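J.: Below is the structure I would like to discuss, written out as structure tokens.
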Amino acid sequence: MSSSTQATSPRDRLAAAPWQLWLTQTLNVARIELRKNILTRRGFGSYLLAFLPALAVFMHGYVSQHGVCNLDEDTKVLAGIFQLYYLRLAVFFGCMGIFTWLFRGEVVEKSLHYYFLSPVRRELLVIGKFIAGAATSILIFGTGVFLCFFFMYSHMGARGSEFVFRGPGLGQLWSYMLVTVLACLGYGAVFLALSLIFKNPVLPGIFFLGWEGINAVLPSLLQKISITFYLKNLTPVAVAPDGLMALFTVVAEPVRPWVAVIGLLLLAAAVLVFACFRIRYFEISYSTD
Amino acid sequence: MSEHIIFENVSKFYGEVLGVNRVNLSLAPGITSLVGPNGSGKTTLMNLVTGLIFPTHGRIQVAGVSPNDPEQMFRRVGYCTQFDSFPRGATGWDFVYNSLRLHGLTHAQAKSLAEEAIARVNLTEAAPRKVAGYSKGMRQRIRLAQAIAHHPTILVLDEPLNGLDPLARAETIALFQALGKEGLHVIISSHILEEVDRISDSVVLMSSGYVVAEGQIRDVRREVKDHPMQILVRCSNPGLLASHVFAQNHVVEGKVNPDGKGILVRTRDADEFYLLLNKIASDGLLNIDAVAPADDDVNSIYQYLIGSDGGTA
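Below you can see the structure in the form of structure tokens.
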């Protein structure tokens, strides 16, 4: 390395970096991965997870059209579906399937080396794949949540419209969508990193599920080291624990919404930085994987 | 900047299993063949050059660039691996085109280069079909197209002739020769020694993770002192030639050809033998029609140094 290069400051190096090329390459990685994620049979599981509740809510709406429906009750049911099904199961397992497959799947299919043999910084591969995974999961689960919301209130006629457009409904929808996006980013980053550390990321994924699942009964401090805690703080309608769960639940001090949003984004960014560091030392040895 | 591919004391261990050990090489531009039995470390060496794996010890430089810098390296290097696998659902066209888009090329640039590379391996008609439906030879060729599509100056080919039928093999070898003539630095590993021999400028012989010999084929052959060189001489009077050569200490064997028009000599000092032949010819004792080394090919060197069983001889 020449002395003039050594004398170059980090700021100069950043300014001289080929940002436009990096952006193009990252978007190309994301484009290739998006096609793989969305237009394949493998995505069927995620579609099923996302749209089954929407189908159930649609059926509920169809049946209730001829009977009396309770708006407050249905709002609580929707909150329950969102918190207990979408956040704890669907988005969790959907992200597990989508994000762990981004790298580990390519190792299983012995095709990761094609990326490694291209003139692309490995960090850009991580970011491009993460963008594709995030876009896929947000699209699938965001649509699922939106359809649940739509079917829940559309059959109520004027009362439903009143609630959505002149009441708190639209705000709740935005909150649900925001939480879905943050859940996809948070879980996605964790699963992407796990897939770069473990040959079989399912086992640590189950441990992660357990940790997130028992979050409510953990001491207040430990609750804060989880994604669910921050997501729950952002949900528009609280779901009170009942039965045995209520007995063990520890009510932690809530955090402000902006703290939860920024905290989750920072967590996702930190995990991504770790994944970028990890990928630099990733070797292709399919026979041992 | 050096155009050589340099290995400085490179070792690679997979846990406790040896991949390659203490490899010191400086590969000059031209066509270089890596030859050795299965498990000798050829693929490990190629994966090290291309940064798919990292050395446990030592340092590698590819034309002045470290394999840890893919952004710089793969603008100049193409690698056709031995892995017979492809991105899920890809057509031949997608495979080549997408890899070019990863270079940051525009659609038009990538399209033009992809068309050129696919045509070069004769797969234009099959390109829109899914790779999963290709024959093994077609898969091999589309991988080759992907490796050469961005016009690399260094091409690394791991067993590129595997699965090709004789016609495709001949075409592929002709392509390698053409690429070599265009000034590309080509590194090939292959079990098909006769064909490697035809196209290689130099050879690296590997066995059990070690480099057994390296250099130009004739130079390597000269270094193999344990096995006398075989030289075929076509002449008008092989009996007379035999009487002269048997008087030399360095000649260990002479065998008259069954057609009676030549003699196969085994000698420990080829240079001395050639001097003797010159003297015989200049004295007008007999007419020499042709002189040719009979065992300075890759196959013979392989047999002498490594043996047919793959162990170091």
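Read top to bottom, the protein sequences are chains A and B.
Heads up: the first sequence is residues 3 to 291, going by the working numbering.
Heads up: the second sequence is residues 871 to 1183, going by the working numbering.
Note that CB positions come from ideal geometry on N, CA and C, so glycine has one too.
Given the structure is predicted, the values throughout are model-derived calculations rather than measurements.
1) Would you verify that the beta carbon of A/Asn30 is, or is not, closer than 7 angstroms to some beta carbon of chain B?
2) Please report the distance separating the alpha-carbon of A/Gly151 from that of B/Met916.
3) Could you tell me if B/Ile1057 is buried or exposed, where buried requires 16 or more neighbouring beta carbons within 10 angstroms of its beta carbon?
4) Would you list, in chain order, the members of the segment 1078-1105 of chain B that have their beta-carbon closer than 9 angstroms to a beta-carbon of chain A?
5) Do the segment 1096-1103 of chain B and the segment 1158-1178 of chain B make contact, defined as three or more Cβ pairs closer than 8 angstroms?
6) Name, in chain order, the residues that DSSP records as bridge partners for B/Glu878.
7) Helix, strand or coil for B/Gln1100? Go by DSSP, reduced to three states.
8) Any idea what DSSP makes of B/Gly1124, helix, strand or coil?
9) So, helix, strand or coil for A/Met158, using DSSP?
10) Excluding the 5 residues flanking A/Thr356 on each side, which residues of the same chain have their C-beta closer than 6 angstroms to its C-beta?
11) Select from A/Gln22, A/Leu89, A/Thr145, A/Leu236 the residue whose C-alpha is nearest the C-alpha of A/Glu214.
12) Put B/Leu897 into one of helix, strand or coil per three-state DSSP.
13) Whether or not the segment 892-907 of chain B and the segment 1050-1069 of chain B are in contact is what I'm after, with contact meaning three or more pairs of Cβ atoms, one per stretch, closer than 8 angstroms; do they touch?
14) Using 7 angstroms as the limit for Cβ to Cβ distance, is B/Gly974 near chain A?
15) Give a yes or no on whether 7 angstroms exceeds the smallest Cβ distance from A/Arg123 to chain B.
16) If A/Ala254 sits next to A/Phe231, beta carbons under 8 angstroms apart, how far is it from one beta carbon to the other, in whole angstroms?
17) Keeping to the same chain, check which residues put their C-beta closer than 7 angstroms to that of B/Val947; ignore five residues upstream and five downstream.
18) For chain A, is any of its Cβ atoms less than 7 angstroms away from the one on B/Phe944?
19) Run the CB neighbour count on A/Met61, radius 10 Å, all protein chains shown included, and call it buried at 16 or more, exposed below.
20) Count the other CB atoms within 10 Å of the CB of A/Ile83; is the residue buried (16 or more) or exposed (fewer)?
21) What does A/Thr42 touch in chain B if you count any residue whose Cβ is under 9 angstroms from its own?
22) Who pairs with B/Asp1035 in a beta bridge, going by DSSP?
23) Taking C-beta pairs closer than 8 angstroms, name the residues in chain B that A/Leu23 reaches, listed in chain order.
24) Along the segment 99-120 of chain A, what residues have a CB closer than 9 angstroms to any CB found in chain B?
25) Judging by CA-CA distance, which residue of B/Asn968, B/Arg892, B/Thr926, B/Glu873 is the nearest neighbour of A/Thr26?
26) Would you kindly report the start and end of the unbroken beta strand (DSSP E) that includes B/Tyr1080?
27) Which of the three DSSP states, helix, strand or coil, is assigned to B/Ile1133?
28) Determine the chain B residues that contact A/Glu285 at a beta-carbon separation under 8 angstroms, and present them in chain order.
29) Does A/Thr10 get closer than 7 angstroms to chain B when you measure Cβ to Cβ?
30) Evaluate B/Arg892 with the Cβ neighbour count: other Cβ atoms within 10 Å of its Cβ, from every protein chain shown; 16 or more gives buried, anything less gives exposed.
31) Based on DSSP bridge pairs, tell me the residues matched to B/Ser1077.
32) Classify B/Ser1005: buried if its beta carbon has 16 or more other beta carbons within 10 angstroms, exposed otherwise.
33) Output yes if chain A places a C-beta closer than 7 angstroms to the C-beta of B/Met941; else output no.
34) Does the beta-carbon distance from A/Thr182 to A/Val219 come in below 7 angstroms?
35) Looking at the C-beta of B/Asn968, does it have a partner C-beta in chain A at a distance below 7 angstroms?
36) Check distances from the C-beta atoms of the segment 34-63 of chain A to those of chain B and list, in chain order, the residues that come in under 9 angstroms.
T.: So, to answer that:
1) yes
2) Note that residue 151 of chain A is Phe in the sequence shown, not Gly. Between A/Phe151 and B/Met916, the C-alpha separation is close to 55 angstroms.
3) buried
4) none
5) yes
6) B/Arg929
7) strand
8) strand
9) coil
10) Outside the displayed range of chain A (3 to 291) lies residue 356 of chain A, so it cannot be described from this structure.
11) A/Leu89
12) strand
13) yes
14) yes
15) yes
16) 7 angstroms
17) Thr920, Val932, Pro1022, Ile1024, Val1026
18) yes
19) exposed
20) buried
21) Arg958, Gly959
22) Partner(s): none; B/Asp1035 has no beta bridge.
23) Gly974
24) Gly107, Glu108, Glu111, Lys112, Ser113, His115, Tyr116, Tyr117, Phe118, Leu119, Ser120
25) B/Asn968
26) 1080-1086
27) strand
28) Leu922, Ile923, Phe924
29) no
30) exposed
31) B/Tyr1080
32) exposed
33) Checking the displayed sequence, the identity of residue 941 of chain B turns out to be Glu instead of Met. Yes - at least one Cβ of chain A is within 7 angstroms of the one on B/Glu941.
34) no
35) yes
36) Ile34, Arg37, Lys38, Leu41, Thr42, Arg44
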